[in-house]
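This report concerns only the one structure given below.
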Amino acid sequence: MGRLRQKGTRLEDWPVSMSKIRNRLLVILGLIIVSVYALVPKTGPTGEKVPAINLGLDLQGGMHLAVEVDDPDNTLTAEAKAQAIETTLTTIRNRIDEFGVREPTIQRVGNERIIVELAGIDDPERAKAIVERTAFLEFKLVREDDNFRNALPRIDRGIVQELGAENLRGAAIEEAEPESQLSDILGTQADTAVEAAGDSTVAEPDSVEADPTADETLAEQDTGEPNLRPLTGLLLEGTHPGIMLVAEEEVPTVERYLATEALRNALPRNTELRWGAQATAAAGAAYRELYVLESDPILTGDLLQDAGPAARDPQFNQPYVPFETTRRGSRVFQRGTAPNVGRYMAIVLDSRVQSAPVIRQTLSRRAQIEMGGGSSFQEAQDLALVLRAGALPMPIRVVEEHSVSASLGADSISQGRNAFIIGIIGVVLLMIWYYRVAGVMAVAALCVYVLFVLGGLAGLGATLTLPGIAGLILSVGMAVDANVLIFERIREESDAGKTPRTAVDAGFAQALSAIVDANLTTLITAAILYQFGTGPIRGFAVTLVIGIIASFFTALYVTRTFFLVYLERRSPTEPLSI
Amino acid sequence: MRFFRNASYDFLSVRRKAYIVSAVLILVGIGSLVLHGGPRYGVDFTGGTLIQVEFFEPTSVSDLRGVLASAGMENAQIQQLGDSNEFMIRTQDFEGIVESVNGLFDEAYGDDGFTMSADAVGPKVGSELQRKAAIAILMSFALTLVYLAFRFEWRFGVAAIVATFHDITIAFGFISLFNIEITLATVAAILTILGYSLNDTIVVFDRIRENLKKRRKDAYADIVNSSINETLPRTVLTSGTTLATLLALFILGGTVVRPFALVLILGVMIGTYSSIFVASPVLLEIEERSRRKESRKGHH
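Rendered as structure tokens:
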């Protein structure tokens, strides 16, 4: 402390030389010019005007997302997680680049979280879907053998055992009696298999015929319990032996069965079950397709080189996404499709079957993904985008989401501006009324202060948020504090009989320690706020820090210079207007 | 213009009364907290979804309730902001809420029939923020105590912390009394109050420190009292300018900022009061206690 005060107490040698005053004025003028320059709107690369001060998402509208790798059971090693986060970060960056957002923020925070900030977008939900999508693409053959059907009785028994008969849904316990003409997959009406909507291929009656052996085995092993067929009872004949239908309202029940240990154990080798992406209509009701697929894929999305642009099939008016494989991919694709011409190939995206066209010829370099019925062209475009940008290494989960509509942001800005102007006018009137000429000097210093703070925000590339505006307004009130401390001291020193010049010198010197201590403690709080805060709060902290530094400088240097000019121009004995 | 020129109020003689005032303020706050069943945390801390939506055609809370109920969101809290066409929707749920509400409104009011902002915070992030906020407030305490101990004597630091603690307790109570949600912004406001209150206290303490050196023969109580009086004009004027700007913010700042401004206004008033009626008297109490101890030692 000792040193500070000594330095501060140093009295000016009156009369202060004009060159010294001129130098001080030049420094202030220089800083004003720099601030004004920082505040001139810049022109962006594409010719649009970029505001000088970055506006936070809460002011210009946009979205803030925090995502994490989905690992609910904590099965990943720290290393695997770090790897997954790294790849996810790159993929999301690619996708957002493709999506086309100006200056997005995509960054990792801590070890397991990624923050995505997209300013000024008008459809946050769409952007979120693009970020969130795993986009894991696989091409898999639809099974046409009876292995799964043959395993069904065993699966049914397993499910009953695992879940307990009393936990099964009533309808499924009964011998299934389909209400529509669609047949239960092992039921008696197998020969009435119907055509599913929109597809020309009809199931071969042979393949769907009730499997007598299966029924027999079931009957033989029955130990007096009712013939429970929880899963089979809900599966209906589809258009192909490997494609079954489930009534839309039964989907959750079937999903529960599919998750059982029993099903996993009894599933034949190289077989998996996948849902269709969309509901289909058949016989006036909504159904969901359940596909029996080979687990080993023919081709996966990582062998894609390019996808899109999305196009529309002129005949059925259905959107589709053309794609191109890599060199290696084309060999793999060729090898996988050549022996299987005439079979169904399911295009599986994020574990859902997008479509399952027939392989008409050997595929290699180019092919296309048909979007299911009812898909919009935009969905096809978004799919092309995520396929181009690549898949996420594993599913992610949104843990935090903030979106602000642009109009709300605009309201906030205009309200903040009004409050700011009125607040400043209040302070100006109060200061001039209370301190007269000295008050005018304080007000001039306050204007310089506001300019410095705004220039500082622009120059440092800080982001102005709504709490930041509040912090700015608050700091105007507090910025005059340093002036008030000094002026009160000058008054006291004058009361004690000092001449105006010595009173001013002493006032500045004596007020210094209080100003330093008060500003530094506020600085500590601001630093903690910065450390702890996210987005808006951080903006508040940054504004506060810039405000404190600027107020420190304006009070001690700018106001002082004004006083020097003022004192220089009058007789040494004339009393101060303070 | 000059207020309180050569003021010589005997602030310390009324300190017992001030303690009662403080005790009442604190008890009112605690009473409100008990009645409300604890502080009302916003989605930032509890996790959940808060949606602010503005419709371009007039609609009503019951309309909205119907739309939301069709998707099984009967438990959502819906609140109309003034008599505007703006609504706040709150729910404890997080997963997929924003998408489904957006979809429902698209269907019911058309894609361009509304504009909405959403805050959805997962439970994990919520509890993280709770912890972080608590750490931030404690860290501010610790660091300022260290700073004050370094710059002043330790008893100044203790007195300043007592005053700050007093301010924050009362602020929390009033936040509950005015039924303001505790959000990130509220915590920022509380930390700002902490800074402001310290600022005020430090100005008075700085003067006490100075006068202690200048007037070694005077009684401690006299020095404390005249220091408060000497800094009184500054205390009043700075509070005045700060309150003026905050009042502008409160009136014109819009619905989002209003609670934030209100907390700051309360905080500035309490901070000003406490630097005069709490911090300095506590400093005197500490001083007198340690002096009594010493004189007792002297008699033995």
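Protein chains in written order, with this note's numbering: chain Z, 171 to 748; chain B, 2 to 301.
We put the beta carbon where it would ideally sit given N, CA and C, even for glycine.
* **alpha helix (DSSP H) runs wholly inside the segment 164-205 of chain B, at least 4 long, in chain order** => none
* Residues near residue 279 of chain Z in its chain [Cβ-Cβ closer than 7 Å; skip 5 each side] -> 285
* Measuring CA to CA, which of B:234, B:177, B:290 is closest to residue 27 of chain B? -> B:177
* Can you give the beta carbon distance from residue 144 of chain Z to residue 735 of chain Z, rounded, assuming they're within the 8 Å contact cut? -> Shown here, chain Z extends from 171 to 748; a query on residue 144 of chain Z therefore has no answer.
* Just to confirm, are residue 275 of chain B and residue 227 of chain B a CB contact at a threshold of 8 Å? -> no
* Could you list the residues in the segment 295-307 of chain Z with a C-beta less than 7 Å from some C-beta on chain B, going in chain order? => Going along the segment 295-307 of chain Z in chain order, one finds 295 with a Cβ nearer than 7 Å to chain B.
* Asked: In chain order, what residues of the segment 256-267 of chain B put their CB closer than 8 Å to some CB of chain Z?
  -> 257, 258, 261, 262, 265
* Hey, would you say residue 224 of chain Z sits closer than 8 Å to residue 632 of chain Z, going by beta carbons? -> yes
* **Interface residues of chain B facing residue 290 of chain Z [CB-CB closer than 8 Å]** => What residue 290 of chain Z touches in chain B: nothing, since even the nearest Cβ is about 14 Å away.
* Mind checking whether residue 164 of chain B and residue 249 of chain B have CB atoms under 8 Å apart? -> no
* Asked: Is the segment 197-213 of chain Z touching the segment 263-279 of chain Z in the sense that three or more CB pairs, one from each, lie closer than 8 Å?
  -> no
* Asked: Rounded to the nearest angstrom, how far is the Cβ of residue 649 of chain Z from that of residue 721 of chain Z, given a contact under 8 Å?
  -> Contact between residue 649 of chain Z and residue 721 of chain Z holds, since their C-beta atoms are separated by about 4 Å, short of 8 Å.
* Asked: DSSP three-state call for residue 59 of chain B: helix, strand or coil?
  -> coil
* Asked: From which residue to which residue does the alpha helix (DSSP H) around residue 205 of chain Z run?
  -> Residues 188-209.
* Name the chain Z residues that come within less than 9 Å of residue 148 of chain B, Cβ to Cβ? -> 687, 690, 691, 694
* Asked: Is any beta-carbon of chain Z found at less than 8 Å from that of residue 93 of chain B?
  -> No, residue 93 of chain B lies away from the interface with chain Z (no Cβ there is under 8 Å from its Cβ).
* For chain B, find out if any of its Cβ atoms is closer than 8 Å to the Cβ of residue 445 of chain Z; answer yes or no. => no
* By a C-beta neighbour count over all protein chains shown, 10 Å radius and 16 as the cutoff for buried, is residue 168 of chain B buried or exposed? -> buried
* Asked: Is the segment 573-588 of chain Z touching the segment 132-145 of chain B, taking contact as three or more C-beta pairs under 8 Å?
  -> no
* With 7 Å as the C-beta to C-beta threshold (strictly closer), list the residues of the segment 563-596 of chain Z near chain B in chain order. => Listed by position, the residues of the segment 563-596 of chain Z near chain B (Cβ gap below 7 Å) are 569, 570, 571, 572, 573, 574, 575, 577, 578, 581, 582, 585, 586, 588, 589, 592, 593, 596.
* To do: Just the chain Z side, please: which residues come within less than 7 Å of residue 118 of chain B by C-beta, in chain order?
  => Neighbours of residue 118 of chain B on chain Z, chain order: 573, 574, 575, 578.
* Between the CA atoms of residue 296 of chain Z and residue 480 of chain Z - distance to the nearest angstrom -> 17 Å
* For residue 385 of chain Z, does the three-state DSSP call read helix, strand or coil? -> With a pLDDT of only 42 at residue 385 of chain Z, under the threshold of 50, the placement of this residue in the model should not be trusted; the figure read from the coordinates follows. Reduced to three states, the DSSP call for residue 385 of chain Z is helix.
* Asked: Nearest to residue 709 of chain Z by alpha carbon, out of Z:640, Z:424, Z:647, Z:601?
  -> When C-alpha distances from residue 709 of chain Z are compared across Z:640, Z:424, Z:647, Z:601, the shortest belongs to Z:640.
* Per-residue contacts from residue 683 of chain Z into chain B (C-beta, under 7 Å) -> 207
* **Where the segment 631-647 of chain Z meets chain B: residues whose CB sits under 7 Å from a CB there** => 636, 637, 640, 643, 644, 646, 647
* To do: Can you have a look at residue 158 of chain B and say buried or exposed, based on whether 16 or more other CB atoms are within 10 angstroms of its CB?
  => Per the 10 Å Cβ criterion, buried.
* To do: Taking residue 243 of chain Z as the query, report the chain B residues whose CB atoms sit under 7 Å from its CB, ordered along the chain.
  => Below the 7 Å Cβ cutoff, chain B contributes no neighbours of residue 243 of chain Z, its closest Cβ being approximately 14 Å away.
* **Residue interval of the beta strand (DSSP E) (run including residue 446 of chain Z)** => Its beta strand (DSSP E) spans residues 442-452.
* Asked: Applying a beta-carbon distance threshold of less than 7 Å, which residues of chain B neighbour residue 654 of chain Z?
  -> 235, 238, 239
* Exposure label - residue 103 of chain B; buried when at least 16 CB within 10 Å -> buried
* To do: Please check the pair residue 228 of chain Z and residue 636 of chain Z, which I expect to be a contact at CB under 8 Å, by giving their CB distance rounded to whole angstroms.
  => 5 Å
* Asked: Taking Cβ-Cβ distances shorter than 7 Å, what residues in chain B pair up with residue 710 of chain Z?
  -> 189
* Measure the alpha-carbon distance for residue 273 of chain B versus residue 264 of chain Z and round it to whole angstroms. => 53 Å
* **Within 7 Å of chain D by C-beta, residues of the segment 199-230 of chain B in sequence order** => The structure shown contains no chain D; the protein chains it does contain are Z and B.
* Quick one: is residue 729 of chain Z near chain B, going by C-beta distance under 8 Å? -> no
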